[in-house]
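A.B. asks:
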Amino acid sequence: KSSQAPLLSLRNINMTFGGIRALKDVSFEVMPGEVHCLAGENGSGKSTLIKIVTGVYRPEPGAAIEYDGQTYSHMSPVTAQAAGIQVIWQDLALFPEMSVAENIAFQTVLGRWPRVISYSRMHEIAVKALARLGVSLDVDRPLKDYQIAQRQIVAIARALIGDAKLIFMDEPTASLTQSETDHLMDIVRTLSASGVAVVFVSHRLAEVLEISDRLTVLRDGALVGVYPAAGMTQSRITELMTGRTFEYD
Ligand code: ADP
Ligand code: MG
Numbered sequence: 001k002s003s004q005a006p007l008l009s010l011r012n013i014n015m016t017f018g019g020i021r022a023l024k025d026v027s028f029e030v031m032p033g034e035v036h037c038l039a040g041e042n043g044s045g046k047s048t049l050i051k052i053v054t055g056v057y058r059p060e061p062g063a064a065i066e067y068d069g070q071t072y073s074h075m076s077p078v079t080a081q082a083a084g085i086q087v088i089w090q091d092l093a094l095f096p097e098m099s100v101a102e103n104i105a106f107q108t109v110l111g112r113w114p115r116v117i118s119y120s121r122m123h124e125i126a127v128k129a130l131a132r133l134g135v136s137l138d139v140d141r142p143l144k145d146y147q148i149a150q151r152q153i154v155a156i157a158r159a160l161i162g163d164a165k166l167i168f169m170d171e172p173t174a175s176l177t178q179s180e181t182d183h184l185m186d187i188v189r190t191l192s193a194s195g196v197a198v199v200f201v202s203h204r205l206a207e208v209l210e211i212s213d214r215l216t217v218l219r220d221g222a223l224v225g226v227y228p229a230a231g232m233t234q235s236r237i238t239e240l241m242t243g244r245t246f247e248y249d
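Per the working numbering, the very first residue in the sequence shown carries number 1; after that it's consecutive.
1) Are A101 and Y119 closer than 9 Å when you measure CB to CB?
2) Do L8 and E29 come within 9 Å of each other at the CB atom, strictly closer than that value?
3) Excluding five sequence neighbours on each side, which residues of the same chain lie with their C-beta closer than 7 Å to the C-beta of W89?
4) Name the one or two DSSP bridge partners that V87 has.
5) At a threshold of 8 Å, does E41 count as lining the ligand MG (C-beta to nearest heavy atom)?
6) Could you tell me if the beta carbon of V201 falls within a distance shorter than 8 Å of some heavy atom in the ligand ADP?
7) Throw me the rounded Cβ distance for the M31 and A197 pair, which I believe falls under 8 Å.
8) How many Å lie between I153 and L184 at the Cα?
9) Is it buried or exposed, E34, if we count other Cβ atoms within 10 angstroms and call 16 or more buried?
10) Please state whether DSSP places E41 in a helix, a strand or coil.
11) Answer yes or no: do A64 and I52 have a C-beta to C-beta separation smaller than 9 Å?
12) Taking 9 Å as the cut-off, decide whether the C-beta atoms of V199 and H74 are in contact.
13) So what does DSSP say about P32, is it helix, strand or coil?
14) Between L143 and Y57, what straight-line distance do the alpha-carbon atoms span, to the nearest angstrom?
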């Protein structure tokens, strides 16, 4: 993977919220198809960085965003989505009363494809997207019938039908059990194997490191460094995140 050009390259990203410098001259790269762990303590700027890439916030002037061979001064949500950048937020932004099929095909209805599509077409799209993740759910049931872990899979399936090349997952493991987390890690592996890059934010560092190629650490809005995931330990990451040295066994 190291000989390839980066899929995403951010340079000189600065973001200030009313006097708080949430990001200080941060650079960040994602390679095609890699699993990249983004780590940092609460408030270190992880979500803000994701919001800049997905067009929710505009970085201060001087920033450069290169993605898939194109240069941008900033992203808009529409540009990001059209370019295949997707994000799974912790609250998932799904519709509990709607069927699984409708939730997955929602973007299709809003997006580039014909606005009016039949329910059977939605059904077909949803089943196919779930199959790509190795999952089969009854897509005609309302989403509210399913547990959080399955809803998460629905959110990922929805991201996939938009031809995602880069998926951000911002703390998706927060409310998952151990076995649900393991299943999600399998899905992330599947995505990566199919060429989709995944940037993962999670407190479950042990699990995430196991599937990650690289790790970026932020502290107080600044980049600490980028490291190969292999050989990283949780204690070492804690040191990098906090800037303090610990004694450990
Ligand atoms: P993380 O996701 O790493 O926990 P965030 O990116 O959410 O961190 O936040 C980084 C810093 O920016 C924090 O100090 C946070 O309080 C601040 N911040 C984030 N979003 C906003 C906002 N919309 N308005 C004001 N301050 C914000
Ligand atoms: Mg956050």
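Quick reminder that beta carbons are idealized off the backbone N, C-alpha and C, glycines included. Please read all numbers here as calculations on a predicted model, not as lab measurements.
C.D. replies: To lay it out plainly:
1) Taking 9 Å as the cut-off, the Cβ atoms of A101 and Y119 count as close.
2) Yes.
3) Contacts found: D170.
4) Within the DSSP bridge table, the entry for V87 names F168 as partners.
5) Relative to the ligand MG, even the nearest heavy atom lies 8 Å or more away from the CB of E41.
6) Proximity of the beta carbon of V201 to the ligand ADP is indicated: a heavy atom of the ligand is located closer than 8 Å.
7) Contact between M31 and A197 holds, since their C-beta atoms are separated by about 7 Å, short of 8 Å.
8) A direct Cα-Cα distance of roughly 8 Å separates I153 from L184.
9) Flag for E34 reads buried.
10) Three-state result, E41: coil.
11) No, Cβ-Cβ distance for A64 and I52 is not below 9 Å.
12) The answer is no: Cβ separation not under 9 Å.
13) DSSP places P32 outside both helix and strand once states are collapsed to three, so it counts as coil.
14) Spanning the two alpha carbons is a distance of roughly 30 Å.
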